[in-house]
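A.B. asks: For the sequence shown, my numbering assigns the number 385 to the initial residue and increments by one for each residue that follows. Here a beta-carbon is modelled for each residue, glycine too, at the ideal position from N, C-alpha and C.
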Amino acid sequence: SYAPAGSEPLSSGPSVAMALAMKLVLLAIFAASAASSVAISAPRQAQSTRSLKSPKSPSPAKRPSLEDFRKAAVAGEAQAAAKKAKEAKMAAVNKVVTLLETLRQEILRTGEGEAATYNKFSCFCKDTTAEKTDAIESGTGRKSELEAQLGVLAAKRDSLDTTIKERLSAIAETEKEMKLAKEERASELAIYESNEADLEAGIEGLEGAVRTLKGSKTPSLLQLPALAQTLRKATLLADALGVVVAPSQRAALLQAPDVPMEDYKFHSQGIISTLEKLLSDFRDQKAELDKAEVASAQAHDKVIQTKKDDLARLNAELETAKQEKSETISQMQVASADLTTTSAVLLDDQEYLTGLAKMCSNKAQTWDQRSKVLQEELSTLTAAIGVIKGAVAEKTGAATVRLVQQGAGVQQVEAIAHDARSMEAFEAEAEAAEAAEAAEAAEAA
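#1: Given a threshold of 16 other Cβ atoms within 10 Å of its Cβ, counted over all protein chains shown, does ASP582 qualify as buried or as exposed?
#2: Comparing C-alpha positions only, which one of SER720, ALA820 and ILE769 sits nearest to GLU485?
#3: Relative to the C-alpha of GLY589, which residue among LEU487, ALA820 and LEU659 is closest?
#4: Does the region 496-515 come close enough to the region 691-710 to have 3 or more Cβ pairs within less than 8 angstroms?
#5: Cα separation between ASP685 and LYS563?
#6: Would you kindly work out how many angstroms separate the C-alpha atoms of ALA464 and VAL480, rounded to a whole number?
#7: Quick one, are the C-beta atoms of LEU698 and ARG551 less than 9 angstroms apart?
#8: Give every residue of the same chain whose Cβ lies closer than 6 angstroms to the Cβ of THR547, excluding the five residues on either side of it in the sequence, and list them in chain order.
#9: Pop quiz: LEU530 and MET716 are said to be a contact at Cβ under 8 angstroms. What is the actual Cβ separation, rounded to whole angstroms?
#10: Excluding sequence positions up to five away, which residues of its chain have a Cβ less than 6 angstroms from the Cβ of ALA820?
#11: Distance, Cα to Cα, ALA671 vs ASP542?
#12: Going by beta-carbon coordinates alone, are ALA681 and LEU573 separated by less than 9 angstroms?
#13: Taking all protein chains shown into account, do 16 or more other C-beta atoms lie within 10 angstroms of the C-beta of GLU824, making it buried, or fewer, making it exposed?
#14: Rounded to a whole number of angstroms, what is the C-alpha to C-alpha distance between ALA565 and ALA593?
#15: Can you find the residues in the same chain that come closer than 6 angstroms, C-beta to C-beta, to GLU708, ignoring five residues on each side of it along the sequence?
#16: Expressed to the nearest angstrom, what Euclidean distance is found between the alpha-carbon atoms of VAL643 and ALA683?
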């Protein structure tokens, strides 16, 4: 409901006060005319009695007769009746005037009450309109803020989705790189182990060959094939490992016989020197191989550690992004719920303000019409009181009954009251009506 508690709607229909006022005016006229009828009928009766009882001859001039006393008594009675009728007439008129003035005061109080009610309602319209207007402005601003906030949160959520996607991709790529690095390291280790085993075997074979050549002047038949095979393997291993062997040394190594020969000098300083040089090269090669393996292992461990650190960082960033996304979604849900509530309240306030404006406008129009009606009622009552106090109090009779029956207005009453012929005509009709009523009553008795 838009109206404040305790306020009643203003009446816009015709008031019954005017009809009541007209009835009271005509009642006053009728009462006054009835009293006048009594005053009129009393002299007539006195006149009738005088005409029946008084002699046609004049009374003595000097001394009043009994007839003179009777006439005086009749005249006194007539004067008393006239005075009484006048008093009754004025009492009725004064009573009606009092009633009309009371009615006018009631209408004034009613008007004042309705004015107070409308003023209260007008204040309600003004205050509520201002309140709802402020609420709508605040709600509109709040709605814009929430929409902007949701836009920012949505952009942040999308950015976090991109970050999460990038981190997942980086994690997958890092894990793939770690896997490849481990595979490469396993391959390098296999190659190292193979080369290291070959070098160990070559070094052992060369050391054994040198010991054999230095310790025996003439190798046995059993030693020659093994020695020749060791020398050939050492040469092939040197080629495989990239150890540079002079052509003359290579030829000397490859010419070792499988059986003893006189012209083959095992204790030749050149062959032994070649074997010792090759042994030294093998040892250097193994040292470099071991060093390279250590460096490779360290590099691999460093790469793996770096990748692990990257994975730890990426996973931490991924978890942070996921947490921020979760918080952002929660904030969006809260903001969305707030926006829904704010929009609903804003729409309700807008609809309420629209209905309130329409109702206040209608009430203002109704109050304007009602004010005119009250003014007209007061004017009419004032005019009626004036008529009763003025012409009606002087010129009323039984004929007023006709005015009541005809529902005459104040202007008609005033016009008839000021017209003597009209009043006499109505009085005659009233007397005839009274005679007819008396005859009917006699017959019924």
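C.D. replies: Based on what the coordinates show:
#1: In this structure ASP582 is buried. Its beta-carbon is surrounded by 16 or more other beta-carbon atoms within 10 angstroms.
#2: Ranking the options by Cα distance to GLU485, first place goes to ILE769.
#3: Selected option, being the one with the closest Cα: LEU659.
#4: Touching, no, given that fewer than three Cβ pairs across the two stretches are closer than 8 angstroms.
#5: When rounded, the distance between both Cα atoms is 13 angstroms.
#6: The C-alpha of VAL480 is placed about 24 angstroms away from the C-alpha of ALA464.
#7: A distance below 9 angstroms separates the beta carbons of LEU698 and ARG551.
#8: Residues ALA705 of the same chain have their beta carbon placed closer than 6 angstroms to that of THR547, with the five preceding and five following residues left out of the count.
#9: The pair is not a contact, with the Cβ atoms about 10 angstroms apart (cut-off 8 angstroms).
#10: Only residues of its own chain outside the window of five on either side were considered, and among them none has a CB closer than 6 angstroms to the CB of ALA820.
#11: Approximately 57 angstroms between the Cα atoms of the pair.
#12: Yes, they are a contact pair.
#13: Only exposed fits GLU824, as fewer than 16 other CB atoms lie within 10 angstroms of its CB.
#14: Their Cα atoms are separated by approximately 41 angstroms.
#15: If the five residues before and after GLU708 are omitted, its C-beta is found closer than 6 angstroms to the C-beta atoms of LEU544, all from its own chain and listed in chain order.
#16: Residue confidence is low: VAL643 scores 42 on pLDDT, short of 50, so the model does not pin down where it sits. No coordinate-derived value is stated.
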